[in-house]
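A.B. asks:
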């Protein structure tokens, strides 16, 4: 049997995974891994935590779980893979089935033949065409070099003020890392919220937490100019004319697929700019595969093409490509539901599937609920969770889920991701058999409780209203709702919204029905700390004949606006 020649371009995530999978399935294949930079298998998602001092050795970003550096020697000895670093692929000769490479240290060129080729060239940070972006002090956080630079900034304490341009995952994680180093941080975001995969009200809770941790947040504004002296950044000018002094600016406005090499080789490029691949991770050339940040994927929910530059997906795609290179196209990658999570100081924020905004944009008629409740019993050190569930109204199918707070967000989003992928309906989620014990969960898990609230709404047993709708109603003087706070007096004295609510504790409501509006059709809004008592109050009023009673979902804990106290 002829020895199969496999060449992999790109040594970050998808590339090494492809090479490793191919080797495990064929011990005799010739496998060459080519990386332009000096490092291999970089744990790039760990860069912000290295910058922030969570760990001090940069080698942690480059080591196998056993602590062995994943360098060319490791790949050769452990996997019999010829890993070449500091080597750039100049072109792909599809007709001759070879790649032309250049050693960046010696400038020597060579050709490497292939039977099957893998392209995993990653992504490139988006950099706006703004004057001064070349100044010293303006950087991204995309590479090991960037991480080393920002870690030096942290360790040398030479920066007092920094600007983070962009409020996405990398921007938020970098803001935390630098803030923990004692640097004064301002995050500037062009949109009206942080973390665009969240809906506004959940994103606003994240923003409030960032402010509470000392991060200044500016929304609906952008950078018009980076300004400096003697080639070094000294301040930025915002689109509204405001100038902010700073010695550091981290541009984190997203990435774009590095698909140029593939395009030059004549491979098909998708609508998002990523390399177009099929379910086998095969490109328009049957002998060339692609995976990672450089490709375009299918959204499992909508069927639309999307760019999903996530490290876990890159590894999953690489595994599929590696298997298919050896065994033929037998393994499939079905697409993404775009699950994401990030840490924000002692909060987390995560989401899976579609937000309300993206679902409506895709043409879905949706119902939503917001749920605020603890992740476990109070006697076990409960952490608050605030989540939003999005379902297709006609079928009850889960389309998306978002969650934030100091509780176990990861567990909730993971459960939701499986439910989205499995196309579960509310009817199937209300009695899910999930693991329960007080150290880990409430008897009715937060995710199932969210499904219960949704079930009540879909059956017409509860009318919900969002905090944002209540706020707009009061600010714009829309209607004259009677608002009931169903908590106790001590809770009311300690914290209240100040939107004209009337304190009527749930335990006294039945005895105070004479204080309710005479008009049984008048809008009444009930809430409490998390709106469980608010729901109970609404049921009491409905039984008393009131026809327009609503529950403010999530209660005070999901209120993203200023409170009276």
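Numbering (this note's numbering), first residue to last: 10 to 574. Just so you know, even glycine gets a beta-carbon here, dropped at the ideal spot from N, CA and C.
Per DSSP, what kind of secondary structure is residue 255 in: helix, strand or coil?
C.D. replies: Position 246 of the chain shown, counted from the first residue, corresponds to residue 255. In the structure shown, residue 255 sits in coil (DSSP, three-state: anything other than H, G, I, E or B).
A.B. asks: Would you list the one or two residues that DSSP bridges to residue 225?
C.D. replies: Numbered from 1 along the chain shown, position 216 holds the residue referred to as residue 225. DSSP, once it has assigned bridges, lists 195 as partnering residue 225.
A.B. asks: When the Cα atoms are used, what is the spatial distance from residue 560 to residue 472?
C.D. replies: Along the chain shown, one-based indexing puts residue 560 at 551. Along the chain shown, one-based indexing puts residue 472 at 463. Whole-angstrom Cα-Cα distance: 6 Å.
A.B. asks: I'd like the ranges of any alpha helix (DSSP H) spanning at least 4 consecutive residues and lying wholly in the stretch 140–215.
C.D. replies: Runs of the alpha helix (DSSP H) inside the stretch 140–215: 153–165 and 178–189.
A.B. asks: For residue 453, collect the residues of the same chain with a Cβ closer than 8 Å to its Cβ; drop the 5 residues on either side in sequence, then sort them by chain order.
C.D. replies: The residue you call residue 453 lines up with position 444 of the chain shown. Answer for residue 453: 461, listed in chain order.
A.B. asks: Alpha carbons only, please: which of 240, 213 and 87 is nearest the one belonging to residue 146?
C.D. replies: Translated into positions along the chain shown, residue 146 becomes position 137. Residue 146 has its Cα closest to that of 240, out of 240, 213 and 87.
A.B. asks: Using only alpha-carbon positions, find the residue among 273, 368, 381 and 512 that is nearest to residue 102.
C.D. replies: Here residue 102 refers to the residue found at position 93 of the chain shown. If we check each option's Cα against that of residue 102, 273 comes out closest.
A.B. asks: When DSSP builds the beta bridges, which residues end up paired with residue 125?
C.D. replies: Reading the chain shown from its first residue, position 116 is the one you call residue 125. For residue 125, which the question treats as bridged, DSSP gives the partners 15.
A.B. asks: State the DSSP-derived secondary structure class of residue 339, mapped to helix, strand or coil.
C.D. replies: As a first step, residue 339 is located in the chain shown; it is residue number 330 there, counting from the start. Coil at residue 339, not helix or strand.
A.B. asks: Does residue 571 come out as helix, strand or coil in the three-state DSSP assignment?
C.D. replies: Here the question's residue 571 lines up with position 562 in the chain shown. If DSSP states are grouped into helix, strand and coil, residue 571 belongs with coil.
A.B. asks: Whole-angstrom Cβ separation of residue 416 and residue 393, contact assumed at under 8 Å?
C.D. replies: Counting from one through the chain shown, the residue named residue 416 turns up at place 407. Counting from one through the chain shown, the residue named residue 393 turns up at place 384. Going by Cβ atoms, the distance from residue 416 to residue 393 rounds to 6 Å, so yes, they are a contact pair.
A.B. asks: Reducing DSSP to helix, strand and coil, say where residue 496 ends up.
C.D. replies: As a working note, residue 496 is residue 487 in the chain shown. Note: residue 496 maps to coil in three-state DSSP.
A.B. asks: As a quick exercise: from 127, 126 and 94, pick the residue whose alpha carbon is nearest that of residue 111.
C.D. replies: Working through the chain shown from its first residue, we reach residue 111 at position 102. The candidate whose alpha carbon is nearest that of residue 111 is 94.
A.B. asks: Among 323, 414 and 379, which has the Cα closest to the Cα of residue 541?
C.D. replies: Taking the chain shown and counting its residues from 1, one reaches residue 541 at position 532. Answer by Cα proximity: 379.
A.B. asks: Could you give the DSSP three-state label for residue 270: helix, strand or coil?
C.D. replies: In the chain shown, the residue the question calls residue 270 occupies position 261. Helix at residue 270.
A.B. asks: Tell me whether the beta-carbon of residue 414 lies closer than 8 Å to the beta-carbon of residue 356.
C.D. replies: Your numbering for residue 414 matches position 405 in the chain shown. Your numbering for residue 356 matches position 347 in the chain shown. For residue 414 and residue 356, yes; Cβs fall inside 8 Å.
A.B. asks: For residue 102, which of helix, strand or coil comes out of DSSP?
C.D. replies: By 1-based counting over the chain shown, the position of residue 102 is 93. Strand.
A.B. asks: Judging by CA-CA distance, which residue of 33, 331, 364 and 448 is the nearest neighbour of residue 388?
C.D. replies: Indexing the chain shown from 1 puts residue 388 at position 379. When only C-alpha atoms are compared, the closest one is 448.
A.B. asks: Cβ of residue 66 within 8 Å of Cβ of residue 21?
C.D. replies: Position 57 of the chain shown, counted from the start, is the residue given in the question as residue 66. Position 12 of the chain shown, counted from the start, is the residue given in the question as residue 21. Going by C-beta atoms, residue 66 is not nearer than 8 Å to residue 21.
A.B. asks: Measure the CB-CB distance between residue 425 and residue 445 and report whether it falls below 8 Å.
C.D. replies: Reading the chain shown from its first residue, position 416 is the one you call residue 425. Reading the chain shown from its first residue, position 436 is the one you call residue 445. Not in contact: residue 425 and residue 445 (Cβ atoms no closer than 8 Å).
A.B. asks: Classify residue 251: buried if its beta carbon has 16 or more other beta carbons within 10 angstroms, exposed otherwise.
C.D. replies: As a working note, residue 251 is residue 242 in the chain shown. Counting Cβ neighbours within 10 Å, residue 251 comes out exposed, since fewer than 16 surround it.
A.B. asks: With DSSP as the reference, label residue 291 as helix, strand or coil.
C.D. replies: By 1-based counting over the chain shown, the position of residue 291 is 282. Strand.
A.B. asks: Going by the CB atoms, is the gap between residue 457 and residue 467 shorter than 8 Å?
C.D. replies: For the purposes of this step, residue 467 is taken as residue 458 along the chain shown, with counting starting at 1. For the purposes of this step, residue 457 is taken as residue 448 along the chain shown, with counting starting at 1. Against a cut-off of 8 Å, the Cβ pair of residue 457 and residue 467 comes out as no contact.
A.B. asks: With the cut-off set at 8 Å, would you say residue 305 and residue 283 are in Cβ contact?
C.D. replies: Residue mapping note: residue 305 aligns to position 296 of the chain shown, counting from 1. Residue mapping note: residue 283 aligns to position 274 of the chain shown, counting from 1. Going by C-beta atoms, residue 305 is nearer than 8 Å to residue 283.
A.B. asks: Under 7 Å Cβ to Cβ from residue 488, same chain only, skipping five residues before and after it: list those, please.
C.D. replies: Translated into positions along the chain shown, residue 488 becomes position 479. Cβ neighbours of residue 488 beyond the five flanking positions: 482 and 532.
A.B. asks: Do you know whose CA, among 174, 502, 432 and 352, lies nearest residue 218's CA?
C.D. replies: By one-based count along the chain shown, residue 218 stands at place 209. Ranking the options by Cα distance to residue 218, first place goes to 352.
A.B. asks: May I ask which residues mark the beginning and end of the alpha helix (DSSP H) holding residue 85?
C.D. replies: The sequence position of residue 85 within the chain shown is 76, counting from 1. Element bounds for residue 85: 81–88.
A.B. asks: Throw me the rounded Cβ distance for the residue 56 and residue 150 pair, which I believe falls under 8 Å.
C.D. replies: Against the chain shown, residue 56 aligns to sequence position 47. Against the chain shown, residue 150 aligns to sequence position 141. Residue 56 to residue 150, Cβ: 6 Å. Contact.
A.B. asks: Excluding the 5 residues flanking residue 12 on each side, which residues of the same chain have their C-beta closer than 7 Å to its C-beta?
C.D. replies: Translated into positions along the chain shown, residue 12 becomes position 3. Within the same chain, residue 12 has close Cβ partners 37, 38 and 39.
A.B. asks: Specify the secondary structure class of residue 346 as computed by DSSP and reduced to three states.
C.D. replies: Numbered from 1 along the chain shown, position 337 holds the residue referred to as residue 346. Three-state DSSP puts residue 346 in coil, outside helix and strand.
A.B. asks: What does DSSP give as the partner residue(s) for residue 434 in the beta ladder?
C.D. replies: As a working note, residue 434 is residue 425 in the chain shown. Answer is 406, bridged to residue 434.
A.B. asks: List the endpoints of the continuous alpha helix (DSSP H) containing residue 535.
C.D. replies: The residue you call residue 535 lines up with position 526 of the chain shown. No alpha helix (DSSP H) holds residue 535; the beta strand (DSSP E) holding it covers 533–536.
A.B. asks: Per the DSSP calculation, residue 382 is bridged to which residue(s)?
C.D. replies: Stepping through the chain shown from its first residue, residue 382 is reached at position 373. DSSP, once it has assigned bridges, lists 394 as partnering residue 382.
A.B. asks: Looking at C-beta atoms only, is the number of pairs between the stretch 149–166 and the stretch 225–239 that lie closer than 8 Å three or more?
C.D. replies: Counting Cβ pairs under 8 Å, fewer than three are found: no touch.
A.B. asks: Hey, is the stretch 296–305 in contact with the stretch 120–133, meaning 3+ C-beta pairs nearer than 8 Å?
C.D. replies: Flag = yes, the stretch 296–305 and the stretch 120–133 touch.
A.B. asks: Looking at C-beta atoms only, is the number of pairs between the stretch 358–375 and the stretch 199–214 that lie closer than 8 Å three or more?
C.D. replies: Segments in contact, yes.
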